[in-house]
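Chemist: In our numbering, the protein residues as written are 8 to 258.
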Ligand SMILES: Cc1cc2nc3c(=O)[nH]c(=O)nc-3n(C[C@H](O)[C@H](O)[C@H](O)COP(=O)(O)OP(=O)(O)OC[C@H]3O[C@@H](n4cnc5c(N)ncnc54)[C@H](O)[C@@H]3O)c2cc1C
Ligand code: FES
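So, in C-alpha cells, the structure goes:
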C-alpha cells in the first residue's frame, strides 16, 4: 500500500444537497494511486485531527470527495475557497475487491453512497440501489445514470423514488447479481448482509472514528472475525472494506 501526504489544490467546492458538498482536488501523483473504496485523511486548517473522507471518483490528476457537514471540521471544509491548498494524506485503506466478468450490485445509504460511484465505474452493467432519508439529501443520481447503471432510488419518507428501504429493492434483485458491495450506516449494512447471506458474496465498507488513518494510533480498532478467531483489526488499514462475514454487526 503506497500513500503520502501532499498538498492538493481545491478546484471545485459545490453544494449538491442540503449540507452536502462535492470537492474536486488536484494532485496528479496521489490521484493516480487511488483505488475504489479507499479514503483520504484531510488536514482541516486549525484542527489537529484529520478528517477521513471516501474517494468518490477520480480522473488522471484529480480526486472527487463528497461530504456532509457533521461538526466543525466538515463545516470549515464546506467554506474553503476554490484555489486554496489542502494537505491530504492519500490514498488510504483497502478498498473493494472488484473482479472482471461478475455482475455487481452496489447498495448505498446516505453519505455512504459516494464511494460506490468510483466502484460502480469499474464494472459492467452495475445495479445500483441508493437510499436517503428524504428528497433534500438525494445525491449523485445523474452520475450513476451517466455510467450506465441500472439505478434505483429509495427514500425513507417517500418524498422521492420508491418509498422504502434499499433492502426492499435488493431482495427483489438479488438473483440478478453475483456479488454485493455496500456502504452506509451499520444497521443498513447488517440488513444488507442478512439479505445476501447464503446467496451472494457481500463486501461492506465500515466507518469508525479515526485518528492517524495509517494504523499507528489504534483509535479505529474493532472486533472482527478471521476464520474462527475473533481479532481486533484496524479499520483504517485492514479495512475500511471487509467481507460481511468478518464483521460483528451487534444486536
Ligand atoms: C473510512 C471513512 C470514510 C468516510 N467517508 C466519508 C465520506 O465520504 N463523506 C462524509 O461525509 N463522511 C465520511 N466519513 C465520516 C467523516 O469522517 C466524519 O463525518 C467527519 O470526520 C466529521 O468531522 P467533523 O469535524 O465535521 O465532526 P466532529 O464530530 O466535530 O469531529 C470530531 C472528531 O471526530 C471524528 N469523527 C466524527 N465523526 C466521525 C466519523 N463518522 N468517522 C470518523 N471520524 C469521525 C472527526 O474526524 C474529528 O476528529 C468517513 C469516515 C470514515 C472512517
Ligand atoms: S486511525 Fe489510527 S490506527 Fe486507524
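Ideal Cβ positions, reconstructed from N, Cα and C, are used throughout, including at glycine.
Taking the beta carbon of residue 107 as the centre, do at least 16 other beta carbons fall within 10 Å, making it buried, or is it exposed?
Modeler: Here residue 107 refers to the residue found at position 100 of the chain shown. Residue 107 is exposed by the Cβ-count criterion.
Chemist: In the DSSP assignment, find the unbroken alpha helix (DSSP H) run with residue 125 in it and report its ends.
Modeler: Here the question's residue 125 lines up with position 118 in the chain shown. From DSSP, the alpha helix (DSSP H) with residue 125 extends over 121 to 127.
Chemist: Give the list of continuous beta strand (DSSP E) stretches no shorter than 3 residues that lie fully inside the stretch 200 to 237.
Modeler: As far as the stretch 200 to 237 is concerned, its whole beta strand (DSSP E) runs of at least 3 residues are 208 to 212 and 228 to 233.
Chemist: Is there at least one non-hydrogen atom of ligand 2 closer than 7 Å to the beta-carbon of residue 241?
Modeler: Sequence index remark: in the chain shown, residue 241 carries index 234 (1-based). Result yes, Cβ under 7 Å from ligand 2.
Chemist: Less than 7 Å separating the Cβ of residue 219 from some heavy atom of ligand 2?
Modeler: Translated into the one-based positions of the chain shown, residue 219 becomes position 212. Yes; taking the cut-off as 7 Å, the Cβ of residue 219 has a heavy atom of ligand 2 nearer than that.
Chemist: Between the beta-carbon of residue 203 and the beta-carbon of residue 115, is there less than 8 Å?
Modeler: For the purposes of this step, residue 203 is taken as residue 196 along the chain shown, with counting starting at 1. For the purposes of this step, residue 115 is taken as residue 108 along the chain shown, with counting starting at 1. Cβ atoms of residue 203 and residue 115: not closer than 8 Å.
Chemist: Run the proximity test for residue 6: is its beta-carbon closer than 7 Å to any non-hydrogen atom belonging to ligand 2?
Modeler: This structure gives no information on residue 6, because the portion of the chain shown stretches from 8 to 258.
Chemist: Residues bridged to residue 24 by DSSP?
Modeler: Indexing the chain shown from 1 puts residue 24 at position 17. Residue 24 pairs with 27.
Chemist: Of the residues 78, 50 and 34, which one's Cα is nearest the Cα of residue 68?
Modeler: Position 61 of the chain shown holds residue 68. Ranking the options by Cα distance to residue 68, first place goes to 34.
Chemist: For residue 49 and residue 122, which I take to be in contact (beta-carbon distance under 8 Å), what is that distance rounded to the nearest angstrom?
Modeler: On the chain shown, residue 49 is found 42 positions in, with the first residue counted as 1. On the chain shown, residue 122 is found 115 positions in, with the first residue counted as 1. About 15 Å; that fails the 8 Å criterion.
Chemist: Starting from residue 33, follow its DSSP beta bridges and name the residues at the other end.
Modeler: Along the chain shown, one-based indexing puts residue 33 at 26. For residue 33, which the question treats as bridged, DSSP gives the partners 16 and 69.
Chemist: Go through its chain and collect everything with a Cβ distance to residue 80's Cβ below 7 Å, but skip five positions before and after it.
Modeler: Here residue 80 refers to the residue found at position 73 of the chain shown. Cβ neighbours of residue 80 beyond the five flanking positions: 51, 54 and 58.
Chemist: So, are the CB atoms of residue 217 and residue 229 less than 8 Å apart?
Modeler: Taking the first residue of the chain shown as position 1, residue 217 is located at position 210. Taking the first residue of the chain shown as position 1, residue 229 is located at position 222. Taking 8 Å as the Cβ cut-off, residue 217 and residue 229 do not qualify as a contacting pair.
Chemist: How do the stretch 144 to 160 and the stretch 88 to 96 stand: do at least 3 beta-carbon pairs fall below 8 Å, yes or no?
Modeler: Verdict: no, contact absent.
Chemist: Are at least three pairs of beta-carbons, each pair with one atom in the stretch 129 to 144 and one in the stretch 207 to 226, less than 8 Å apart?
Modeler: Contact fails: fewer than three Cβ-Cβ distances are below 8 Å.
Chemist: What three-state label does DSSP hand residue 148 in the structure shown?
Modeler: Taking the first residue of the chain shown as 1, we reach residue 148 at position 141. The answer is helix: DSSP assigns residue 148 an H, G or I state.
Chemist: Return the first residue and the last residue of the beta strand (DSSP E) that residue 85 is part of.
Modeler: Here the question's residue 85 lines up with position 78 in the chain shown. Counting along the chain, residue 85 falls outside any beta strand (DSSP E), though it belongs to the alpha helix (DSSP H) covering 79 to 85.
Chemist: Taking all protein chains shown into account, do 16 or more other C-beta atoms lie within 10 angstroms of the C-beta of residue 117, making it buried, or fewer, making it exposed?
Modeler: Here the question's residue 117 lines up with position 110 in the chain shown. Per the 10 Å Cβ criterion, buried.
Chemist: Which residues in the same chain as residue 22 place their Cβ atom closer than 6 Å to its Cβ, once the five residues preceding and following it in sequence are excluded?
Modeler: Counting from one through the chain shown, the residue named residue 22 turns up at place 15. Excluding residues within five positions, the ones whose Cβ falls inside 6 Å are 28.
Chemist: May I ask you to check if the CB of residue 201 is nearer than 7 Å to at least one heavy atom of ligand 2?
Modeler: As a position in the chain shown, residue 201 is number 194, starting the count at 1. Incorrect: residue 201 has no Cβ contact closer than 7 Å to ligand 2.
Chemist: Measure how close the beta-carbons of residue 41 and residue 65 come, nearest whole angstrom, since I'm counting them as under 8 Å.
Modeler: Against the chain shown, residue 41 aligns to sequence position 34. Against the chain shown, residue 65 aligns to sequence position 58. Between residue 65 and residue 41 the Cβ distance is about 5 Å, and since that is below 8 Å, they are a contact.
Chemist: Exposed or buried, what is residue 212 when buried is set at 16 or more other beta-carbons lying within 10 Å of its beta-carbon?
Modeler: One-based indexing of the chain shown puts residue 212 at position 205. That one is buried.
Chemist: Taking residue 11 as the reference, which of 233, 39 and 30 has the closest Cα?
Modeler: One-based indexing of the chain shown puts residue 11 at position 4. Answer by Cα proximity: 39.
Chemist: Regarding residue 222 and ligand 2, is the C-beta to nearest heavy atom distance less than 7 Å?
Modeler: By one-based count along the chain shown, residue 222 stands at place 215. Because some heavy atom of ligand 2 lies under 7 Å away, the Cβ of residue 222 counts as near it: yes.
Chemist: Any heavy atom of ligand 2 closer than 7 Å to the CB of residue 22?
Modeler: Stepping through the chain shown from its first residue, residue 22 is reached at position 15. Residue 22: no, Cβ never under 7 Å from ligand 2.
Chemist: In angstroms with no decimal places, state the Cα-to-Cα distance between residue 76 and residue 94.
Modeler: As a position in the chain shown, residue 76 is number 69, starting the count at 1. As a position in the chain shown, residue 94 is number 87, starting the count at 1. Their backbone Cα atoms lie some 19 Å apart in a straight line.
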